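Residue numbers (the UniProt record's numbering): 1 to 135.
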């Protein structure tokens, strides 16, 4: 189990704080991640953002059309999970959080389902991983 590091500075941006907390546990490189919830019309854009960062996005709609139980089958194969808290059912969010604990995956709550929110979170995680490699 990785040692927790003290956070440096306070962030007024809640996305930054969430990513910073998740960063303490994240694997060095994100190759694939699960994105649960969000808006269906943005999934193609989110895939482009993931691709730009060298990762594969696996999307679950959070229980609208897909069974929430599918989350449990996908979790073991991903590096981490992103979850926009404004566009997800309570049941799906709870399933994701408990599944992440069970499988030892990093859970990153996003303030909203916007493209910029995911972009910011991925960029922050990349910068922090780069810092770790150089130190």
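Cβ coordinates follow ideal geometry from the N, Cα and C atoms, glycine included. If you're wondering where the values come from, they're calculated on a predicted model, not measured in any experiment.
Residues bridged to residue i (per DSSP)
i: residue 58; result: 34
DSSP-derived helix/strand/coil call for residue i
i: residue 100; result: helix
i: residue 117; result: helix
i: residue 83; result: strand
i: residue 64; result: coil
i: residue 108; result: strand
i: residue 39; result: coil
i: residue 51; result: helix
i: residue 91; result: helix
i: residue 130; result: helix
i: residue 74; result: helix
i: residue 122; result: helix
Nearest candidate by alpha-carbon position, reference residue i, set the options
i: residue 36; options: 30, 51, 53 and 67; result: 67
i: residue 107; options: 83, 88, 45 and 76; result: 83
i: residue 78; options: 114, 58, 39 and 124; result: 58
i: residue 112; options: 86, 103, 121 and 91; result: 86
i: residue 64; options: 129, 39 and 135; result: 39
i: residue 105; options: 120, 51, 131 and 76; result: 76
i: residue 60; options: 51, 49 and 88; result: 88
i: residue 43; options: 97, 29 and 114; result: 114
i: residue 109; options: 97, 103 and 132; result: 97
Test item: CB-CB of residue i and residue j under 7 angstroms
i: residue 47; j: residue 71; result: no
i: residue 118; j: residue 74; result: no
i: residue 81; j: residue 93; result: no
i: residue 122; j: residue 53; result: yes
i: residue 50; j: residue 31; result: no
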